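No gaps in the numbering here: position 241 of the sequence shown is 241 in the UniProt record's numbering, and each next residue is one more. Glycine included, each C-beta is placed from N, C-alpha and C at the ideal position. Please read all numbers here as calculations on a predicted model, not as lab measurements. Below is one structure, written out as structure tokens; comments come after it.
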Amino acid sequence: MSRISIPQIEAFYWVIELGSLQKAASRLSVTQSTISLRLRQLQEELPRAVLVPSGRGVKATHEGFALFEHAKGVLDAFHRLERMDAAPAIAGSLRIGLAEGFAVTCLAELISELSRRHPHLKPEWTIATSYLLQHSLLEGNLDLAVLVDPMGDRALRLVPLASQDNVWVAPHFMAVPKNATPEQLLPLSIITTPPPTPMYRKTLDWFAEDRQTPRNLCQCTSVNAAMQLVRAGIGIGIFPAPMVKVFDTAGRLKIVKTKRPLPRSRLYIGELGGGNRDKIEAAMDALNVISHRHYQAK
Numbered sequence: 001m002s003r004i005s006i007p008q009i010e011a012f013y014w015v016i017e018l019g020s021l022q023k024a025a026s027r028l029s030v031t032q033s034t035i036s037l038r039l040r041q042l043q044e045e046l047p048r049a050v051l052v053p054s055g056r057g058v059k060a061t062h063e064g065f066a067l068f069e070h071a072k073g074v075l076d077a078f079h080r081l082e083r084m085d086a087a088p089a090i091a092g093s094l095r096i097g098l099a100e101g102f103a104v105t106c107l108a109e110l111i112s113e114l115s116r117r118h119p120h121l122k123p124e125w126t127i128a129t130s131y132l133l134q135h136s137l138l139e140g141n142l143d144l145a146v147l148v149d150p151m152g153d154r155a156l157r158l159v160p161l162a163s164q165d166n167v168w169v170a171p172h173f174m175a176v177p178k179n180a181t182p183e184q185l186l187p188l189s190i191i192t193t194p195p196p197t198p199m200y201r202k203t204l205d206w207f208a209e210d211r212q213t214p215r216n217l218c219q220c221t222s223v224n225a226a227m228q229l230v231r232a233g234i235g236i237g238i239f240p241a242p243m244v245k246v247f248d249t250a251g252r253l254k255i256v257k258t259k260r261p262l263p264r265s266r267l268y269i270g271e272l273g274g275g276n277r278d279k280i281e282a283a284m285d286a287l288n289v290i291s292h293r294h295y296q297a298k
């Protein structure tokens, strides 16, 4: 008696998955007669019928559907072993974009984590606003990116990563009313990134809910530079809470309590769905590990 082989399991799995011997043969790049032979050999090793004739093809029996579930697990495990055997499987360049607030919080740890896990992987980092990163992704200039409150696009695959609190931030010496309202903050310079970035949208939306419009907007293309302007006393602005915690180790900033809290932001990993899946999924695994140290569950 011979043993059940991976080619036999593959033939069985794809016949059930695709619904015909012809499609399974095409999927596995073999002839239809080869598929039939492998199915026959598989059936000879099993105590009960797993396939029965149906028209010009075959269909699974009750036992066949049970085997189908096991076959999927076997093939998944086999393909993981194949990837492990490729030396090294995770290597070469990978273009990763990070929203600037996320980069300030996580980039150093992320570099260390990826280097530890995959020493042959060579990440190429792009740090920018979420809006610019999304544009770069759609142009094919990045393999994946961490995006904050991205605008929907059918071409983009978005995988939830985490959520973050947003806070109003002022220099420590600035007098700001407690439980401030939009009207009370109007006289101050409001520092933000340009439209249509998430930071800009959140800023104007917060004022708009009270039918107010900021009088003195100071727009800066860099979130990091915007926070430096706040620290220097130029004005106040909305920033991710995890970024504030990492950025302000000297205590030169303070969080402004407002009467109406700011909505939280959602962080996603964005990609186009192509590219080298092994490398992309390796980066996504590391992003999940590091983000959970600083951000709330997705």
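Extent of the continuous beta strand (DSSP E) to which residue i belongs
i    : result
A128 : 121-128
I255 : 253-256
Coil, strand or helix - residue i by DSSP
i    : result
N224 : helix
Q22  : helix
G273 : coil
Q296 : strand
L94  : strand
A99  : strand
L107 : helix
A250 : coil
A11  : helix
K259 : coil
R80  : helix
I234 : coil
I6   : helix
M1   : Annotation note: pLDDT 45 at M1 (below 50); position unreliable, coordinate value reported separately. Three-state result, M1: coil.
Counterpart residues of residue i in DSSP-defined beta bridges
i    : result
C218 : I191
V58  : P53
F239 : V167
S265 : Q164
Segment limits, alpha helix (DSSP H) that includes residue i
i    : result
P182 : 182-185
P198 : 198-208
Buried or exposed by the 16-neighbour rule on C-beta atoms within 10 Å, applied to residue i
i           : result
S33         : exposed
L81         : exposed
M151        : exposed
residue 333 : The chain is shown only over 1 to 298; residue 333 falls outside these bounds and no answer can be derived.
N166        : buried
M1          : Summary for M1: the model assigns pLDDT 45, below 50, so the residue's position carries little reliability; its value from the coordinates is reported in the next sentence. Label assigned to M1: exposed.
W125        : exposed
E10         : buried
E44         : exposed
H118        : buried
V52         : exposed
D76         : exposed
E281        : exposed
E271        : buried
V289        : exposed
D205        : exposed
P263        : exposed
S291        : buried
V159        : exposed
A170        : buried
C254        : The sequence given here places Lys at residue 254; Cys does not occur at that position. K254 should be labelled buried.
T221        : exposed
Which runs of the beta strand (DSSP E) fall wholly inside the region 25-56 and span at least 3 residues, in chain order?
Whole beta strand (DSSP E) segments, 3+ residues: 51-54.
Mind listing, in chain order, the continuous alpha helix (DSSP H) runs of no fewer than 4 residues lying wholly within the region 116-180?
Taken in chain order, the whole alpha helix (DSSP H) runs of length 4 or more contained in the region 116-180 are 130-138.
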